[in-house]
Amino acid sequence: MQQSRTLALIIACLAYLVAAPAVAQDVDESSWREASRPELRDAWDQLHGKAPPTLENLTTWMNTDARSWKDLQGKVVIVDFWATWCGPCIAQIPKLKELHAKYGEKGLVILGVHSASGWEKMENFVKDKELPWAMAADEKRDLGEAFSVQYIPSYFVIDKSGNVRVAGAKRDKLEEIVQALLKEDGKPVDPKTLIGKYPKPAEKRLFASHDLRGKEAPKLEVDQWLTDQPNTKGKVVLVEFFATWCVPCQASLAKLHEYQEQFKDDLVIIAISDEPAEKIKEFLGTTQLNFAVASDPKGRMKDALGVQAIPHAMIISTDGVVRWQGFPFSGQDRLSEDMINRILRADPAVVERREKAKQAAVPAK
């Protein structure tokens, strides 16, 4: 019996090598935002849901008369900060041409805002390259400073309601953003309404007999902590069931190591094996992990989920509800940085703590 169970686990562990195509889920707006410059992210996040800075100081308008945001109400607008001397900006021109051709008559407006540096060459460049969308020069860098632009290309997307929807948009997400926003009715969207809206459970093979997503999580029980026992109060908790002999588990643990560092203020990660403590200690002697590890030969939490294959993980929000569960490498619903971010952004306790930390960091006047 034990041998057949072990064989089944090994086979299921290898399933991640042939993961199925991803299945579309509800829109994750946090995945639209460029996060590679965390020093800018806070400034950009402050723009969300607000009216964009005025266009009145732009000059040298091309392919259109001078515009205002009132003129563009009801349109989805990509503001593209660029320059003729910027290689990455030039590389994006074919994609922008494609977006303009596909969506220009469906409500998309692209506004190219040339950098204060070298703007005098914009007119000839636009004419030579036959660029058809609206262009203007930011001679005094008023608009760039108002948008906290520190590198180009930088993209900002204004929704039909006339508010900043995505500040610092990822260039490879522009079409996805445009498609989503063109479908909206133009009513203002408050980013705060995303709080409490956890990701919807995806249709997928769960590799467990009990689907606890949206339900109360099982009690955290282990036989022995092999690291310091973590303090989970007020934190989102990610529990993963693993074994030292499981190759996919080792790959998953390496990713968890990255996630623990990245989300250390809001997320507690716990890895649990039903192997003997000495076996796990030997494994930890050769594997660097920065999160809690425990042994539970009785497999109490694991059995509560009816785990049929490892690695198997679940994410528990601060109210004790399972918000994600399954095989971390699932092609249908992968455990990813974006997924963790979505859960953290939706968790009211996490949002409140982050807001308090932000307020505490503001110097007293």
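This note's numbering applies: residue 851 is where the sequence shown begins, and numbers increase by one.
Where is the CB? At the ideal position from N, CA and C, for every residue including glycine.
Beta-carbon gap between residue i and residue j smaller than 8 Å
i: Lys832; j: Asp1124; result: Residue 832 lies beyond the range of the chain shown here (851 to 1215); nothing can be said about it.
i: Glu1053; j: Ala1163; result: no
i: Leu1024; j: Val926; result: no
i: Asp895; j: Pro1003; result: no
i: Trp983; j: Gly962; result: yes
i: Ala966; j: Lys990; result: yes
i: Leu1062; j: Leu1155; result: yes
i: Asn800; j: Gly899; result: Absent from the model: residue 800. The displayed extent of the chain is 851 to 1215, so no value can be given.
i: Met985; j: Val999; result: no
i: Ile1130; j: Leu1076; result: yes
i: Lys850; j: Val1157; result: A query on residue 850 cannot be resolved here, the shown segment of the chain reaching from 851 to 1215 and no further.
i: Val1028; j: Leu905; result: no
i: Pro1161; j: Phe1113; result: no
i: Phe997; j: Pro888; result: no
i: Lys1010; j: Glu1034; result: yes
i: Val1072; j: Ser1145; result: yes
i: Asp1078; j: Ser880; result: no
i: Met972; j: Thr934; result: yes
i: Ala901; j: Trp919; result: yes
i: Leu897; j: Ala1019; result: no
i: Ala959; j: Leu922; result: Here the sequence assigns Val to residue 959, which means Ala is not the residue at that position. Yes, the Cβ-Cβ distance between Val959 and Leu922 is below 8 Å.
i: Gly924; j: Gly1036; result: yes
i: Ile1008; j: Tyr1109; result: no
Limits of the unbroken alpha helix (DSSP H) element including residue i
i: His1060; result: Looking at the DSSP string, His1060 is not in any alpha helix (DSSP H), and its letter there is neither H nor E.
i: Ala1104; result: 1097-1112
i: Val1200; result: 1198-1211
i: Tyr953; result: 943-953
i: Ile1130; result: 1127-1134
i: Asn1081; result: It is not in any alpha helix (DSSP H) - Asn1081 carries neither H nor E in the DSSP assignment.
i: Lys1047; result: Run containing Lys1047: none; DSSP gives neither H nor E here.
i: Ala893; result: 888-895
i: Gly994; result: 992-996
i: Asp978; result: 972-979
Bridge-paired residues (DSSP) for residue i
i: Gln1175; result: Met1164
i: His964; result: Trp932, Ala987
i: Glu1066; result: Val1171
i: Ile1008; result: Val927, Val1014
i: Val1157; result: Ala1058
i: Arg883; result: Ala1019
i: Val959; result: Val927
i: Trp919; result: For Trp919, which the question treats as bridged, DSSP gives no partner whatsoever.
i: Lys1138; result: Just to set this straight, residue 1138 is Gln in the shown sequence, not Lys. According to DSSP, which records beta bridges pairwise, Gln1138 is partnered with nothing at all.
i: Trp1075; result: Ala1144
Beta strand (DSSP E) segment containing residue i, residue limits
i: Arg1015; result: 1014-1017
i: Ile1002; result: Neither: Ile1002 is in no beta strand (DSSP E) and is coded neither H nor E.
i: Leu1032; result: Segment 1024-1032 is the alpha helix (DSSP H) holding Leu1032; no beta strand (DSSP E) there.
i: Phe1091; result: 1086-1091
i: Trp911; result: 909-912
i: Ala1121; result: 1117-1123
i: Ala1144; result: 1142-1145
Buried versus exposed call for residue i [16 or more other C-beta atoms within 10 Å across all chains shown]
i: Tyr1005; result: buried
i: Asp1169; result: exposed
i: Asp1197; result: buried
i: Pro1147; result: exposed
i: Lys1206; result: exposed
i: Pro1126; result: exposed
i: Gln938; result: The sequence given here places Pro at residue 938; Gln does not occur at that position. Pro938 is exposed by the Cβ-count criterion.
i: Ile861; result: Note that Ile861 scores a pLDDT of 46, beneath 50, so its modelled location is shaky; the value from the coordinates is reported in the next line. Exposed, by the Cβ-count rule.
i: Pro1213; result: exposed
i: Pro1098; result: buried
i: Pro871; result: Note that Pro871 has pLDDT 32, beneath the 50 cutoff, so the model's placement of it is unreliable and no number is given.
i: Asp978; result: exposed
i: Tyr1048; result: buried
i: Ala1067; result: buried
i: Ala1159; result: buried
i: Ala987; result: buried
i: Val873; result: Residue placement at Val873 is poorly supported in this model, since its pLDDT is 32, which falls under 50; the coordinates are not used for a value here.
Residue i: CB within 7 Å of a non-hydrogen atom of the ligand ATP
i: Gly1012; result: As far as ligands go, the structure on display features none, and thus does not contain the ligand ATP.
C-beta neighbour in chain C for residue i, strict 8 Å
i: Pro1080; result: The structure shown contains no chain C; it is built from a single protein chain.
The stretch 1108-1126 touching the stretch 1141-1156, judged by at least three CB pairs closer than 8 Å: yes
Touching by the beta-carbon criterion (3+ pairs, under 8 Å), the stretch 901-915 and the stretch 937-949: no
With contact counted as at least three CB pairs below 8 Å, one residue from each stretch, are the stretch 880-888 and the stretch 1010-1023 in contact? yes
Under 8 Å: do the stretch 1058-1072 and the stretch 1172-1188 share three or more Cβ pairs, one atom per stretch? yes
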